[in-house]
Amino acid sequence: MTSILLNQKLIFGLMGGLGLFLFGMKIMSEGLQKLAGSRMRKILSALTNNRLIGTFVGIAVTAIIQSSSATTVMVVGFVNAGLMSLMQAIGVIMGANVGTTITAQLIAFKVTKFALPAIGVGAAIKLFASNRKYVYFGEILLGFGILFFGLSTMKGAFDPVKGSEEFRQFFTLVGDNPLLGVLIGAILTVIVQSSSATIGITVALASSGVLSFEASIALILGENIGTTVTANLAAIGTNVAARRTAFAHFLFNFLGTVYMILLMPYFMSFISSITPGDANFIARSAEEAKALGVTIGDKPFIARHIANTHTLFNIINVIVFLPFIGLLAKAATFVIRGDDVEMEFRLKYLDNRVLNTPPIALGQARSEVKRMADLALEMVDETQAYYADLDPKRIQRLEKMESLIDLLQKEITDFLVTLSQQSISQDASRDIAGMMHMVNDLERVGDHCENLWELALKMKTEKVSFSELGNAELLELSTRAREFLAFLIEAIERRDTTIALKADQMESHIDDLESSFRNNHIQRLNTGECTVISGLIFTDMLHNYEKIGDHTFNLSKIVVGAK
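So this is what it looks like as C-alpha cells:
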C-alpha cells in the first residue's frame with residue numbers, strides 16, 4: 277500500500293508539476309513576445325549573410341521568446357517562404373541553441389520560494405492594471421511564478437523516492453552508460469516537446485539527490501538531440517530548403533553530442549572547475565541542510581552545474597561549427613535531395629507554425645497582403661495589355677492570377693481569424709481587422725479585372741470596336757485607376773498614414789472622369805458615332821474602372837486608420 281501511495285504521489289506530482297511548468301513557460305513567453313513584439317521584428321529584419329550576426333540574432337530572439345523550438349520553427353517557416361537562405365537559417369538556429377540556455381540559468385537560482393508571491397503579484401497586475409505594458413509585465417511575472425511553482429512541485433514529487441533502491445540502481449545505470457542517458461533525454465524531450473521542461477525535470481531529479489552529475493550531463497546531451505525533432509516535424513510538407521534547415525539543426529546537435537560524449541570526463545572537469553561547490557555533494561545532516569537552505573538528502577550545488585553544462589555545451593558547439601556552416605549546409609543538401617525551384621502560384625509567406633508568435637505572424641500576414649496587392653496591380657496591367665492586343669495567351673495567365681487572388685483572400689482571412697484568437701495586443705487586433713478589410717477590397721479589384729477582360733473578349737467575339745475618342749477616354753480612366761492603385765500599394769509598404777488628402781483627390785478625379793466620359797458616350801450615341809452594343813460595353817468598362825478606384829479608396833482609408 278505504501279508503495280502504491282508513493283508511486284501515486286510521484287506520478288501525480290510529476291504530471292501536475294510538469295503541467296504547471298509548461299503552462300508557466302507559455303504564459304511567460306507570450307508576455308515577453310507582446311512586450312517586445314516590434315523589437316523582435318526589427319531584430320529578425322537585421323539578418324544578413326554574415327553567419328556571426330545570424331548567430332547573435334538567434335540568441336537574441338530566443339532570449340526574448342524563451343523557446344528555441346519556437347525560433348527554429350519560425351526559421352523553417354522563413355526558409356519555406358523564401359525569406360531566409362539555408363546558410364542564414366543555420367546561423368540563427370545555432371544562436372537559438374545558446375539563447376534557450378537562459379531558462380536553465382534562471383532555474384538554477386534558488387528562487388522557488390518566491391514562486392507564490394510572483395503568482396500573486398503577477399495575477400494582480402494582469403487583472404487590475406489598465407496600461408497594456410503593465411498587463412504584459414504581469415503576464416511575465418505570473419508565468420515566471422507558475423513555472424517555478426511547477427518546478428518545486430516536481431522536486432517535491434521526487435522526495436519520497438530518494439531512498440528507493442530501484443530508482444538509485446536505474447539512475448546509477450544511466451550515469452555509467454551515457455548513451456542510455458542520451459537516449460532517455462532525447463525521448464523525454466520529444467514527448468514533452470520542450471527542452472526547457474526536460475531541463476526542469478533533470479534539475480528536479482538531481483536536486484533531490486536521485487540523479488548524479490554524470491547522469492545529468494547525459495540527459496542534457498540527449499535533450500539537445502530531442503529538441504531538434506520539433507523543427508523536423510515542422511518541416512513536414514514544406515519545400516526542400518526548409519527540410520534541409522531542419523535536418524541541419526539535427527546534424528549540428530547530433531555531432532556536438534557525439535564528440536562531447538567522447539570528451540565527457542574532460543568536460544565534466546572543466547564545468548566543476550568553474551562552478552562553485554561539489555556537484556554530487558549531498559546534505560546529510562540537519563545542520564548542513566539548514567545552512568544551505570535545502571532539505572536532508574538534497575544536492576544544493578548541482579542545479580548550477582547543470583545550467584552551466586547546458587550553456588557551455590551549446591556555446592562550445594557554436595564555436596566549433598560556426599566556421600563550418602557551409603559544410604553543414606552541403607551535408608544537409610546531400611542528404612535531403614530535391615529541386616529548389618518554387619511554384620509561382622502558391623502561398624509564399626503565410627505559415628501556421630508561427631501563429632503562436634503573433635508579432636512574426638502579423639509580419640507574415642502583412643507580407644502576404646502586400647503580395648496580394650502587387651498581384652492585383654499586375655492584373656490591372658495585364659487586363660490593359662489584353663485589351664490592347666487581344667492575345668488569347670493572356671487570358672490563361674489572367675485566370676490563374678484571379679484564382680490566386682481568391683486563394684489568397686481565403687487563406688489570409690483564415691490565418692488572421694486564427695491569429696485573432698491568440699493572446700494579442702489591441703494594436704495587433706486593429707491591424708488584423710484592417711488586413712481583413714484589405715484582402716476583401718483587393719479581391720474585388722481582381723473581380724473587376726475579370727469583368728474587364730470578359731468585356732474585351734466579348735468585343736473580340738462580336739467584332740465590336742470603339743471610336744478613337746472612346747479608346748482615348750478608356751485609356752485615360754484605366755491609367756488613372758492604375759496610378760491610384762500603385763500609389764496606394766507604395767503607401768501600404770511604407771505604412772504611410774499621411775495619404776488621406778492625396779487619396780481623396782485621386783478618387784474624386786476618377787469619379788469625375790467616369791461621369792464626364794459617360795456623358796460624352798451618350799452624346800456620341802445620339803449622333804450615331806457608336807452603336808448600342810459598343811456603347812453598353814464601353815459604359816460597363818468605365819464602371820469597372822471606377823469601381824477599382826472605389827476599392828482602392830477603401831484601402832487608403834484602412835492605411836490612414838479611418839476604417
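Per our numbering: the sequence shown = residues 277 to 839.
For each residue, glycine too, the CB sits at the ideal point set by N, CA and C.
- CA-CA distance, residue 607 to residue 532, rounds to 15 angstroms.
- The Cβ neighbour count for residue 492, taken over all protein chains shown within 10 Å, is at least 16; the residue is labelled buried.
- The C-beta distance from residue 498 to residue 430 rounds to 18 angstroms, too long to meet the 8 angstroms contact threshold.
- Your pair residue 395 and residue 422 checks out as a contact, with CB atoms roughly 6 angstroms apart and the cut at 8 angstroms.
- Note on residue 744: under 16 other CB atoms within 10 angstroms of its CB, so exposed under the neighbour-count rule.
- Burial of residue 303 is indicated by the presence of at least 16 other C-beta atoms within 10 angstroms of its C-beta.
- When rounded, the separation of the alpha-carbon atoms in residue 698 and residue 403 is 18 angstroms.
- Residue state for residue 828 is assigned as helix, using DSSP reduced to three classes.
- DSSP places residue 596 in the uninterrupted alpha helix (DSSP H) bounded by 578-597.
- Going by beta carbons, residue 824 and residue 721 fall inside the 8 angstroms limit.
- Measuring C-alpha to C-alpha distances from residue 754 to each of 661, 575, 445 and 472 identifies 661 as the nearest.
- Three or more Cβ pairs closer than 8 angstroms define a contact, and the segment 769-776 meets that threshold against the segment 828-839.
- When the five nearest sequence neighbours on each side are left out, the beta carbons in the same chain lying within less than 8 angstroms of the beta carbon of residue 392 are those of 421 and 425, in order along the chain.
- Residue 701 carries a coil assignment under DSSP once its states are collapsed to helix, strand and coil.
- Rounded to the nearest angstrom, the gap between the Cα atoms of residue 801 and residue 808 is 7 angstroms.
- Under the three-state reduction of DSSP, residue 821 is assigned to helix.
- Taking 8 angstroms as the upper bound for CB-CB distance, residue 656 and residue 761 are in contact here, some 6 angstroms apart.
- For residue 677, the enclosing alpha helix (DSSP H) has its first and last residue at 668-696.
- In the structure shown, residue 663 adopts helical secondary structure according to DSSP, grouped into three states.
- Distance from the Cα of residue 524 is smallest, within the candidate group 507, 379 and 512, for 507.
- Boundaries of the alpha helix (DSSP H) harbouring residue 762: 744-770, taken from the DSSP string.
- Annotation for residue 328: 367 and 598 place their beta carbon closer than 8 angstroms to its own, counting only its chain and skipping 5 residues before and after.
- DSSP places residue 624 in the coil class of the three-state scheme, outside both helix and strand.
- Contiguous alpha helix (DSSP H) elements confined to the segment 466-534 occur at 471-483, 489-502 and 504-510, taking only those with 4 or more residues.
- The shortest C-alpha to C-alpha distance from residue 634 to any of 485, 817, 707 and 481 is the one to 707.
- The DSSP-derived three-state label of residue 554 is coil.
- Between the alpha carbons of residue 474 and residue 692 lies a distance of about 33 angstroms.
- When DSSP states are grouped into helix, strand and coil, residue 775 belongs to the coil group.
- Here the alpha carbon of residue 605 sits roughly 10 angstroms from the alpha carbon of residue 517.
- Inter-residue distance for residue 736 and residue 688 is about 36 angstroms (C-alpha atoms, whole angstroms).
- For residue 344, the three-state secondary structure derived from DSSP is helix.
- Ranked by Cα distance from residue 337, the first of 360, 374 and 301 is 374.
- Ranked by Cα distance from residue 642, the first of 770, 676 and 805 is 770.
- Contact annotation: residue 360 and residue 601 have beta-carbon atoms that are not nearer than 8 angstroms.
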